[in-house]
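There are 4 protein chains.
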Amino acid sequence: MPAPSIDLNCDLGEGFGVWRLGDDEALLDIVTSANVACGFHAGDPQIMSGVVRRAAARGVAVGAQVSYADLRGFGRRDLDVPATELTADVLYQLGALEALARAAGTRVSYVKPHGALYHRITRDPVQAAAVVEALVAFGGLPLLTLPGSVAAGFATDGGLTVIAEAYADRGYTAAGGLVPRSSVGALVTDPGAVVSRVVRMVTEGVVVAVTGELVPVEAASICVHGDTPGAVALAQAVRDGLSSAGVGLATFAA
Amino acid sequence: MPAPSIDLNCDLGEGFGVWRLGDDEALLDIVTSANVACGFHAGDPQIMSGVVRRAAARGVAVGAQVSYADLRGFGRRDLDVPATELTADVLYQLGALEALARAAGTRVSYVKPHGALYHRITRDPVQAAAVVEALVAFGGLPLLTLPGSVAAGFATDGGLTVIAEAYADRGYTAAGGLVPRSSVGALVTDPGAVVSRVVRMVTEGVVVAVTGELVPVEAASICVHGDTPGAVALAQAVRDGLSSAGVGLATFAA
Amino acid sequence: MPAPSIDLNCDLGEGFGVWRLGDDEALLDIVTSANVACGFHAGDPQIMSGVVRRAAARGVAVGAQVSYADLRGFGRRDLDVPATELTADVLYQLGALEALARAAGTRVSYVKPHGALYHRITRDPVQAAAVVEALVAFGGLPLLTLPGSVAAGFATDGGLTVIAEAYADRGYTAAGGLVPRSSVGALVTDPGAVVSRVVRMVTEGVVVAVTGELVPVEAASICVHGDTPGAVALAQAVRDGLSSAGVGLATFAA
Amino acid sequence: MPAPSIDLNCDLGEGFGVWRLGDDEALLDIVTSANVACGFHAGDPQIMSGVVRRAAARGVAVGAQVSYADLRGFGRRDLDVPATELTADVLYQLGALEALARAAGTRVSYVKPHGALYHRITRDPVQAAAVVEALVAFGGLPLLTLPGSVAAGFATDGGLTVIAEAYADRGYTAAGGLVPRSSVGALVTDPGAVVSRVVRMVTEGVVVAVTGELVPVEAASICVHGDTPGAVALAQAVRDGLSSAGVGLATFAA
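Residue numbers (our numbering), protein chains in the order written: chain P, 12 to 265; chain C, 12 to 265; chain L, 12 to 265; chain D, 12 to 265.
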């Protein structure tokens with residue numbers, strides 16, 4: 012039986028102009044997949060270009076972190092974008108990142124929507140279909156999303172590969188969903204607990220819910236955060252913990 | 012001897028959000044090449060998507076009207092963008108338009124920089140080289156520019172095709188350059204004069220300068236404007252005049 | 012008994028950069044109150060400056076058309092802006108317009124929120140309170156809104172003057188509300204009908220609902236639209252119709 | 012003879028959306044004047060509101076850091092803005108900050124243009140006059156600028172107070188100007204040297220030029236930077252050094 016392996020993904024390139032968020036350089040040495048901001052919630056072309064070059068040099072897979080056009084709100088605010096507009100917005104961002112990735116010797120190999128769009132398409136069929144339509148039109152990129160989401164269903168129906176994602180530091184409900192950020196238990200902050208949870212997710216396919224139950228969790232990729240205090244150390248601890256547990260690290264997008 | 016033929020190009024898709032500029036629909040029935048705004052000076056993804064779909068339906072070639080990131084100034088203000096940033100900006104716009112064009116069943120087949128960037132690279136070697144670098148990295152798109160410009164030289168050196176452009180309604184100096192917009196004779200406004208000038212440019216390769224001399228003018232494409240009063244009628248007159256003179260209309264990008 | 016008088020208001024200055032929307036010049040000769048866009052959904056400082064100068068020259072009252080920061084969506088998309096952020100956004104826009112108005116020899120004399128924000132505060136107490144807080148902090152500007160709205164209640168409680176607004180060309184429900192734009196009867200398009208409805212609103216305080224009932228309507232100001240085909244002619248017809256009916260035109264903000 | 016006193020100014024509120032630049036909180040405990048970004052190169056209304064509230068609570072004077080509309084370039088890129096547009100842009104920013112300052116119980120008491128605009132108006136009479144026109148129209152705010160600049164001349168002619176500014180950590184030429192950032196000696200990095208230079212500027216009115224000469228320097232305010240590594244410690248050292256030298260700290264704007 013082959014050793015299990017898993018992908019680690021992280022949001023990167025989330026600065027704009029003079030501003031930066033997170034330590035891209037350090038995180039690129041830890042993760043296997045880089046979700047690169049595409050200019051709509053963060054990320055300008057120069058920042059994008061820098062991230063894809065560094066990702067290419069390290070063999071880290073490049074994903075498009077497509078989002079609503081909302082720089083001021085960092086793409087975290089729900090936006091009622093009509094379907095045809097959303098499809099065009101996603102295609103625009105995919106193409107923009109692809110051009111920069113190609114120039115850097117790599118390519119966009121998956122899509123992970125950002126912020127409010129990420130959550131919206133887990134439940135809104137109109138916007139989910141609009142995103143999937145863009146991915147299909149772009150040639151069929153895999154979609155990184157929560158397993159069981161509305162978007163996952165549409166993506167599968169559209170012939171796309173769906174990559175199930177789990178979160179290293181988020182609490183889970185007994186139903187297998189994420190504890191809302193506003194609720195107690197939304198975030199797991201103890202590094203040791205984070206690491207052991209991730210190892211168990213990957214090797215046993217389970218996580219302990221905030222209410223104590225052992226619930227199944229499907230994960231082809233683990234999301235680590237890059238913009239919180241201690242983010243780099245925590246990501247490194249997750250990587251080291253997985254290695255110690257005999258889990259290999261490899262992008263799903265290879 | 013085959014009948015001469017020429018390309019007619021026009022700036023299109025130069026709206027943003029609720030705003031529009033020019034009659035895209037009518038102009039797409041007249042021109043053979045559509046310079047599509049890419050979101051930096053005008054053009055949002057939905058507008059871009061609409062223009063490339065209509066262009067594809069009519070067999071009109073799609074070009075990328077790349078520009079400085081300056082929505083407020085419509086890309087008409089000079090901007091000291093460092094070379095690496097400019098290359099990234101151009102790649103970003105090219106990729107964005109390409110993705111929308113591909114989804115519409117067509118592709119980006121040439122580049123015509125817009126406004127201040129267009130003029131800057133006719134004389135600034137740093138920015139000209141930066142633009143050419145993006146075009147080469149994107150696969151070698153032809154560049155539509157003034158013959159003899161600094162950008163034309165760099166493009167040729169970089170292995171790109173240079174498409175010489177002449178202006179239907181602009182005055183020319185005795186040296187073969189454009190009369191600056193702030194000077195007398197910058198614009199030819201009489202429709203009959205515009206048409207006969209264009210016909211002569213294409214069939215004889217000459218234009219009468221503002222100072223009376225007959226000067227040679229190289230033109231593989233004629234630019235007609237879309238955002239002035241009477242623009243559509245003038246563009247149609249140019250097209251009709253060329254047909255009457257036995258000149259075929261065909262994109263250089265075919 | 013004095014002759015009745017009414018205010019006519021219209022959205023103005025809704026261009027951006029090179030783009031324009033509506034015929035500001037013509038409308039300023041018709042209306043008595045100008046709702047000036049403040050840069051968040053439309054309107055840049057130069058456009059704003061031009062409108063307030065022309066309004067000052069004609070004695071037209073200047074109102075602040077504050078809105079969500081959403082240029083791409085023209086402020087028509089609902090946005091979950093937290094209360095403190097919204098208060099700051101509104102203050103920012105009020106101050107910006109006030110500075111330009113003062114330089115033009117006039118002042119901001121009322122506020123009419125735009126688009127999605129206008130509708131949101133008719134029902135959302137959090138955002139309504141946030142807007143009212145800004146108006147109070149700015150010195151107590153009158154608020155132009157639908158009578159009976161949540162915002163009207165908060166404004167009254169906060170000591171602000173509430174100006175009841177009615178719409179010249181919108182259909183009304185039997186309950187006295189506006190027929191939603193997506194429903195049949197949302198717009199009254201016959202100019203004669205528009206004029207006679209407005210005259211009746213002002214002189215009798217009633218309007219015929221889309222379902223035939225005669226319903227009371229409170230109106231201290233009538234909104235005419237500036238960005239639809241025939242807008243100027245319709246606005247002029249409304250003005251002329253009111254004059255013919257012996258109704259004077261005067262801003263509430265005098 | 013009274014003890015000398017001096018003002019310390021620093022750029023603050025230079026974040027946008029989720030992004031931050033510099034430690035506003037710490038710097039507000041050190042400086043006597045806060046140059047607050049007004050949304051054009053940095054600073055959104057919520058950030059501006061937070062800074063003016065904290066400044067008001069500490070009795071720190073609030074100045075408007077007006078700039079070109081260039082978020083992507085952080086206002087550091089020269090922009091050919093026509094005079095009437097620039098005057099409107101400056102008025103817009105002044106009014107916006109004033110509204111937020113008033114709501115916080117303080118007011119805008121001076122103006123320090125930012126970045127490219129700051130430098131442009133030291134030599135460009137058209138833009139200098141446009142900025143001064145805005146300040147006069149706004150009621151006559153003092154202008155913080157380099158002594159002897161074109162803007163200083165126009166401001167004096169226009170009846171404005173000019174506040175001469177010197178830089179704590181910049182090298183000076185023998186002519187009394189700043190060493191360009193691209194040249195050797197542009198920045199003084201040794202904290203001890205910075206402190207002793209500032210003390211000498213204030214108590215003796217001189218600075219040692221990069222070429223060794225002792226040159227006179229006029230300073231009613233000393234600029235400390237907030238966005239460099241060690242900025243807070245350096246600013247504190249400057250403050251402490253001045254106190255040790257018996258120099259009082261007080262805003263010119265009191």
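Every residue gets a Cβ at the ideal spot worked out from N, C-alpha and C, and that includes glycine.
Quick caveat: nothing in here was measured; it's all calculated off a predicted structure.
{"Check": "Contact under 9 Å by Cβ, residue 112 of chain D with residue 67 of chain D", "Outcome": "yes"}
{"Check": "Sufficient close CB pairs (3 or more, under 8 Å) joining the region 219-231 of chain L to the region 243-256 of chain L", "Outcome": "no"}
{"Check": "Pairwise C-alpha distance: residue 84 of chain C and residue 31 of chain L", "Outcome": "14 Å"}
{"Check": "Under 8 Å from the C-beta of residue 55 of chain C: neighbouring residues of chain L", "Outcome": "83"}
{"Check": "Pairwise C-alpha distance: residue 82 of chain D and residue 28 of chain P", "Outcome": "7 Å"}
{"Check": "Supposed contact pair residue 106 of chain L and residue 25 of chain D - C-beta distance, whole angstroms, cut 8 Å", "Outcome": "Actually they are not in contact, since the Cβ atoms of residue 25 of chain D and residue 106 of chain L sit about 19 Å apart, beyond 8 Å."}
{"Check": "9 Å Cβ cutoff met for residue 97 of chain P and residue 138 of chain P", "Outcome": "yes"}
{"Check": "Collapsed DSSP secondary structure at residue 150 of chain C in the structure displayed", "Outcome": "coil"}
{"Check": "Within chain D, partners of residue 32 of chain P - CB distance below 9 Å", "Outcome": "29, 30"}
{"Check": "Proximity test, residue 178 of chain C beta-carbon vs the ligand NAP heavy atom, cut-off 8 Å", "Outcome": "Ligands displayed in this structure: none; no statement on the ligand NAP is therefore possible."}
{"Check": "Beta carbon proximity, residue 105 of chain P to chain C, threshold 9 Å", "Outcome": "yes"}
{"Check": "Proximity to residue 145 of chain L [Cα-Cα], best of L/259, L/124, L/73, L/157", "Outcome": "L/124"}
{"Check": "Bounding residues of the alpha helix (DSSP H) (the contiguous stretch that carries residue 5 of chain D)", "Outcome": "Residue 5 of chain D is absent from the structure shown; chain D starts at 12 and stops at 265."}
{"Check": "Under 9 Å between C-beta atoms of residue 153 of chain D and residue 121 of chain D", "Outcome": "yes"}
{"Check": "Entirely enclosed beta strand (DSSP E) segments - the region 199-245 of chain C, minimum 3 residues", "Outcome": "217-219, 225-227, 232-234"}
{"Check": "Per-residue burial, residue 181 of chain D [other beta carbons within 10 Å of its own, 16 or more giving buried]", "Outcome": "buried"}
{"Check": "Three-state class that DSSP yields for residue 120 of chain P in the structure shown", "Outcome": "strand"}
{"Check": "Chain-ordered chain C contacts of residue 80 of chain D [CB-CB under 8 Å]", "Outcome": "83"}
{"Check": "Assigned exposure category for residue 99 of chain L - 16 Cβ within 10 Å defines buried", "Outcome": "buried"}
{"Check": "Test: residue 128 of chain P CB closer than 9 Å to a CB of chain L", "Outcome": "no"}
{"Check": "Extent of the continuous beta strand (DSSP E) to which residue 74 of chain D belongs", "Outcome": "72-76"}
{"Check": "Residues near residue 52 of chain P by beta carbon distance below 7 Å, same chain, minus five either side", "Outcome": "78, 79, 81, 82, 85, 86, 125, 126"}
{"Check": "Close-in-space but distant-in-sequence residues of the same chain around residue 69 of chain D (CB under 6 Å, 5 per side omitted)", "Outcome": "39"}
{"Check": "Cβ-Cβ distance between residue 117 of chain L and residue 63 of chain L below 9 Å", "Outcome": "yes"}
{"Check": "Presumed contact (8 Å Cβ cut-off) between residue 260 of chain D and residue 213 of chain D, rounded CB distance", "Outcome": "Contact doesn't hold; Cβ gap of about 10 Å is too wide."}
{"Check": "Residues of its chain near residue 131 of chain D, where Cβ-Cβ distance is below 7 Å and the 5 sequence neighbours each way are ignored", "Outcome": "89, 138"}
{"Check": "Spatial neighbours of residue 224 of chain D in its chain, beta-carbon cut-off 8 Å, leaving aside the 5 residues before and after", "Outcome": "185"}
{"Check": "Length of the line joining the Cα atoms of residue 19 of chain C and residue 73 of chain C", "Outcome": "12 Å"}
{"Check": "Within chain L, partners of residue 60 of chain D - CB distance below 9 Å", "Outcome": "95, 96, 98, 99, 102, 103"}
{"Check": "Nearest to residue 55 of chain P (by Cα), restricted to the options C/76, C/101, C/48, C/34", "Outcome": "C/101"}
{"Check": "Residue-level contact to chain P via CB, residue 208 of chain L, 9 Å cutoff", "Outcome": "no"}
{"Check": "Residue 197 of chain C versus residue 178 of chain C: straight-line alpha-carbon distance, rounded", "Outcome": "11 Å"}
{"Check": "Spatial distance of residue 17 of chain P from residue 155 of chain P (CA atoms)", "Outcome": "14 Å"}
{"Check": "Beta-ladder partner(s) of residue 181 of chain D, from DSSP", "Outcome": "D/198"}
{"Check": "Where residue 264 of chain P falls: helix, strand or coil (DSSP)", "Outcome": "coil"}
{"Check": "Cβ-based contacts, 7 Å cut-off: residues of the region 138-150 of chain L near chain D", "Outcome": "148, 149"}
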